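The block underneath contains the structure these notes are about, expressed in structure tokens.
In my numbering, the protein residues as written are 15 to 139.
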């Protein structure tokens with residue numbers, strides 16, 4: 015691949031806790047060959063087996079930024095979200111704004127690529 019930051023292929027589907035309660039980072043298996051790459055962004059049986067809630071999708075969005083350095087802002091919808099990307103790299107930042115949460119006010123950052131996703135519980139912006 016000509017990408018300056020190549021995707022790490024064949025990771026094991028794995029989860030990583032963060033300092034924010036309920037905010038979980040996931041390694042996603044990406045399979046590559048001469049044609050490009052493929053990933054299962056959501057596969058109910060596999061993902062619920064490692065602790066991801068059954069999302070029962072309410073909404074699915076795709077965003078594209080023409081230029082590097084774009085800020086999308088903080089969003090704290092009243093539903094859980096599963097965030098992944100299709101190409102490149104994204105620097106993501108999340109803050110727990112749930113009053114009464116044991117991690118209220120804590121922030122977490124991670125760089126996402128197509129082989130890494132994050133589960134964002136409702137109330138985390």
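Ideal Cβ placement from N, Cα and C applies to all residues, glycine included.
Model, not experiment: these values are computed from the prediction.
In this structure, residue 94 sits away from residue 128, with a CB-CB distance that is not shorter than 8 Å. Taking 8 Å as the cut-off, the Cβ atoms of residue 69 and residue 98 do not count as close.
Residue 88 counts as exposed, since fewer than 16 other C-beta atoms from the protein chains shown sit within 10 angstroms of its C-beta. Approximately 5 Å separates the beta-carbon atoms of residue 107 and residue 123; this is inside 8 Å, confirming the contact. Positions of the beta strand (DSSP E) runs, each at least 3 residues long and wholly inside the segment 57 to 92, cannot be given because no such run exists. C-alpha of residue 33 to C-alpha of residue 116: approximately 10 Å in a straight line.
Note that the C-beta distance between residue 45 and residue 29 is not below 8 Å. The beta-bridge partner set that DSSP reports for residue 122 consists of 108. The beta carbon of residue 40 sits closer than 6 Å to the beta carbons of 29, 131 from its chain, once the five residues preceding and following it are set aside; these are given in chain order. Around the Cβ of residue 112, a 10 Å sphere holds 16 or more other Cβ atoms; the residue is buried. Here residue 113 carries a coil assignment [DSSP, helix/strand/coil].
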